[in-house]
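Residues 1 to 404 (full-length UniProt numbering) make up the sequence shown, in order. Glycine included, each C-beta is placed from N, C-alpha and C at the ideal position. Note that the coordinates shown come from a computational prediction; the quantities given were computed from them, not determined experimentally. Each remark here refers to the structure printed beneath this line.
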Amino acid sequence: MTKIAMISTGEEVLYGDIVDTNASWLSHHLCQLGFTMAYRSTVGDNLESICEEIKRISKLVDVVIVNGGLGPTTDDLSAQAAAKALGVQLELNEAWVEQMHLKFQQMQRDMPKSNLKQAMLPLGAELIDNPVGTACGFCIELNHARVYFTPGVPREFKHMVETQIVPKLQRLYSSAEAKQVERIYTFGLTESGISDVLDHWNLPEGCELGYRSALPFIEIKLFHRNNKTEQIRAFKDAIIDKFQANVVSVDQSLLDALSEQLTKKKQTLNVSEVGIMGTLAYQFSQHEGIANLLINSRCSYHLVAPVELSVLAQQLQKEVSVQLEDIGLYIYANNDKSYTLALITHQYQKLIRVKPYRQYNIKNQSILIATLVQIMLLNYLLGNGDIDEYLNFEYLGVFETEID
């Protein structure tokens with residue numbers, strides 16, 4: 001099995017000033033293609049540290065991908081570290097200098113002299129084109145490993161990996177099989193609780209089971225090598241049946257499932273949030289498929305006294321009756337630490353009152369409540385009026401009616 005490692009460079013990554021999204025993206029992308037990420041490490045902007053890490057990792061794996069440190073400033077040290085690890089000098093790559101001049105001409109700007117540094121490559125290095133930036137990549141061989149140097153800008157990095165590095169890896173290591181991932185999204189369960197059940201099940205041959213905990217969901221992942229047999233389908237269906245009350249979506253996120261159903265049924269949304277952070281409207285506005293269906297949203301931050309659900313339903317129905325949107329979604333944070341959630345249309349009303357068993361910080365609490373409303377909405381769109389009593393909440397009341 002081909003072993004791949006990634007070295008991320010930069011003080012801002014090492015000290016957590018920015019999140020290393022390149023590393024997580026690369027791990028996921030390579031996994032989908034059948035390659036295994038064996039190691040990941042991070043080094044600061046220090047020539048000796050980068051050089052020693054490249055030499056160390058290159059003895060352990062077949063491929064090393066070094067990310068960052070190819071810019072024009074003094075703290076961009078990856079090319080120098082590569083040359084030092086090889087024991088060679090840097091040389092000016094005239095072909096890349098010409099490419100950079102063309103890029104600056106297209107921007108109608110003169111190229112700063114400092115950019116010449118980006119064309120200084122280790123003697124004998126193989127240049128890797130970067131059509132979307134000025135930092136070319138390059139490849140060297142060290143300790144029988146191929147070491148690829150890539151720009152840190154995410155757009156440039158991903159383009160280089162997808163269009164140039166991955167095709168090279170697929171030619172060199174043709175035995176890699178693409179890996180498929182089946183995903184089951186659950187709400188209201190714990191990772192350990194799911195694991196306690198599934199650890200006793202016999203996996204189909206060629207399958208691996210994994211979990212991902214990211215509030216508010218526990219994602220159950222079934223990995224296999226692009227061979228979706230009847231046994232794998234049956235195993236996946238058995239998991240869905242076992243946790244049916246807590247499964248919110250399969251092979252797509254909850255927001256993607258909502259987008260699909262809202263678009264299919266041509267429904268628009270009005271969102272009102274009282275006493276919380278506006279999380280529901282924000283999540284909708286950030287989703288490409290839902291944003292244009294969110295016609296109106298309001299948010300205020302004061303707590304309110306709980307109102308009897310049937311009375312609140314009448315009040316909200318009057319509001320919805322004069323609105324153009326198809327579905328009204330309402331969240332009220334009450335002064336007794338409960339929440340009132342409502343889904344109101346011209347023909348249907350559903351209200352519930354819940355109280356979280358555990359008090360999270362306001363951000364996480366808002367995420368959980370927004371998710372519960374999204375599940376209410378998806379159930380409504382799918383024709384399932386019921387909402388399961390998830391373990392996160394105490395259920396204090398339900399009001400549901402259809403309107404003639």
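Taking only the alpha-carbon atoms, compute the straight-line gap between residue 216 and residue 121 and give it to the nearest angstrom. Taking the sequence shown and counting its residues from 1, one reaches residue 216 at position 216. Taking the sequence shown and counting its residues from 1, one reaches residue 121 at position 121. Rounded to whole angstroms, residue 216 to residue 121 spans 46 angstroms at the Cα level.
Hey, residue 139 and residue 126 are a contact pair by Cβ (cut 8 angstroms); roughly how many whole angstroms apart? Translated into the one-based positions of the sequence shown, residue 139 becomes position 139. Translated into the one-based positions of the sequence shown, residue 126 becomes position 126. Indeed, because the Cβ distance is near 4 angstroms, the residues count as touching under 8 angstroms.
In chain order, each beta strand (DSSP E) run of at least 3 residues that lies wholly inside the stretch 240-267: 247-250
Please specify which runs of the beta strand (DSSP E), each continuous and at least 3 residues long, are wholly inside the stretch 134-164, giving them in chain order. 137-142 and 145-150
Pick from 381, 368, 384 and 68 that is closest to residue 278, judged by C-alpha positions: Here residue 278 corresponds to residue number 278 of the sequence shown, with the count starting at 1. Per the Cα distances, 368.
Could you please give me the residues that DSSP links to residue 354 through a beta bridge? Mapped onto the sequence shown, residue 354 falls at position 354. Paired residues: 339 and 395.
Please classify residue 314 as buried or exposed, where buried requires at least 16 neighbouring CB atoms within 10 angstroms. Mapped onto the sequence shown, residue 314 falls at position 314. Exposed is the call here.
Cut-off 7 angstroms between Cβ atoms - residues of its own chain near residue 301, not counting five sequence neighbours on either side: Sequence index remark: in the sequence shown, residue 301 carries index 301 (1-based). The answer, listed in chain order, is 275.
For residue 134, which residues in the same chain have their Cβ closer than 7 angstroms to its Cβ, ignoring the five residues on either side in sequence? Mapped onto the sequence shown, residue 134 falls at position 134. Closer than 7 angstroms at Cβ, skipping near neighbours: 100, 103, 115 and 118.
Output needed for residue 27: all residues of its chain with C-beta closer than 6 angstroms, excluding positions within five of it in sequence on either side, in chain order. Working through the sequence shown from its first residue, we reach residue 27 at position 27. Once the five neighbours on either side are set aside, the close Cβ partners of residue 27 are 37.
If I follow the unbroken beta strand (DSSP E) through residue 296, where does it start and stop? Position 296 of the sequence shown, counted from the first residue, corresponds to residue 296. Its beta strand (DSSP E) spans residues 294-300.
Note down, in chain order, each residue of its chain lying with its Cβ closer than 6 angstroms to the Cβ of residue 398, except the 5 sequence neighbours on either side. Looking up residue 398 in the sequence shown gives position 398. Excluding residues within five positions, the ones whose Cβ falls inside 6 angstroms are 352.
CB-CB under 7 angstroms to residue 236, same chain, minus the five flanking residues each way: which ones, in chain order? Mapped onto the sequence shown, residue 236 falls at position 236. Same-chain partners within the cutoff: 182 and 222.
Just grab the DSSP bridge partners of residue 271 for me. Start at 1 with the first residue of the sequence shown, and residue 271 comes out as number 271. Bridge partners of residue 271: 297 and 329.
Close beta carbons around residue 263, own chain, < 6 angstroms, minus the five adjacent residues each side: Residue mapping note: residue 263 aligns to position 263 of the sequence shown, counting from 1. Once the five neighbours on either side are set aside, residue 263 has no close Cβ partner at all.
Expressed to the nearest angstrom, what Euclidean distance is found between the alpha-carbon atoms of residue 354 and residue 306? Residue numbering aside, residue 354 sits at position 354 when the sequence shown is read from its first letter. Residue numbering aside, residue 306 sits at position 306 when the sequence shown is read from its first letter. About 11 angstroms.
Relative to the C-alpha of residue 377, which candidate in 204, 250, 259 and 5 has its C-alpha closest? Taking the first residue of the sequence shown as 1, we reach residue 377 at position 377. Per the Cα distances, 259.
Using the three-state DSSP reduction, which class does residue 35 fall into: helix, strand or coil? Position 35 of the sequence shown, counted from the first residue, corresponds to residue 35. Residue 35: coil per DSSP, three-state reduction.
In the DSSP assignment, find the beta strand (DSSP E) that holds residue 3 and state where it starts and stops. As a position in the sequence shown, residue 3 is number 3, starting the count at 1. Unbroken beta strand (DSSP E) run through residue 3: 3-9.
Starting from the N-terminal side, write out each stretch of the alpha helix (DSSP H) that is 4 residues or longer and does not extend beyond the stretch 168-219. 191-198
If we ignore side chains and look at the alpha-carbon of each, how far apart do residue 371 and residue 210 end up? Start at 1 with the first residue of the sequence shown, and residue 371 comes out as number 371. Start at 1 with the first residue of the sequence shown, and residue 210 comes out as number 210. For residue 371 and residue 210, the distance between alpha carbons rounds to 23 angstroms.
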